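Trainee: Below is one structure. I have some questions about it.
In the working numbering, the protein residues as written are 3 to 86.
Below is the structure:
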């Protein structure tokens, strides 16, 4: 059994990203560990606005290589300007 099976308070992975643990927000370049994140609001916002990004391989190291930083509860970053 995985660690996720033992966490009763962990949120469900969004269906669009159900096979990925790390979900990046293209607007802020923050990456969320969905298995450990407890507040569903930022994850729901990413899904609704279609600004999610996943990494291959699905690791924090890969997210860091692409310039994403691990989100912490209460952390905020400015939205990046649109390229269009």
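Glycine included, each C-beta is placed from N, C-alpha and C at the ideal position.
As the structure is a prediction and not an experimental result, all values here were calculated from the model.
What are the boundary residues of the beta strand (DSSP E) that residue 60 is part of?
Mentor: As a first step, residue 60 must be located in the chain shown, where it is residue number 58. Careful: residue 60 lies outside any beta strand (DSSP E) and carries neither H nor E.
Trainee: May I ask you to list the residues that DSSP assigns as paired with residue 29?
Mentor: Along the chain shown, read from residue 1 onward, the residue named residue 29 stands at position 27. The partner list for residue 29 (beta bridge, DSSP) is empty, contrary to what the question assumes.
Trainee: Since residue 28 contacts residue 55 with CB under 8 Å, what's their CB separation in whole angstroms?
Mentor: In the chain shown, residue 28 corresponds to position 26, counting from 1. In the chain shown, residue 55 corresponds to position 53, counting from 1. With 8 Å as the limit, residue 28 and residue 55 qualify as a contact, their Cβ atoms being about 5 Å apart.
Trainee: In whole angstroms, give me the CA-to-CA distance for residue 80 and residue 30.
Mentor: Your numbering for residue 80 matches position 78 in the chain shown. Your numbering for residue 30 matches position 28 in the chain shown. Looking at the two C-alpha atoms, the distance is approximately 6 Å.
Trainee: I'd like the list of long-range same chain contacts for residue 64, defined as Cβ closer than 6 Å, with 5 residues on each side in sequence excluded.
Mentor: Here residue 64 corresponds to residue number 62 of the chain shown, with the count starting at 1. The answer, listed in chain order, is 57.
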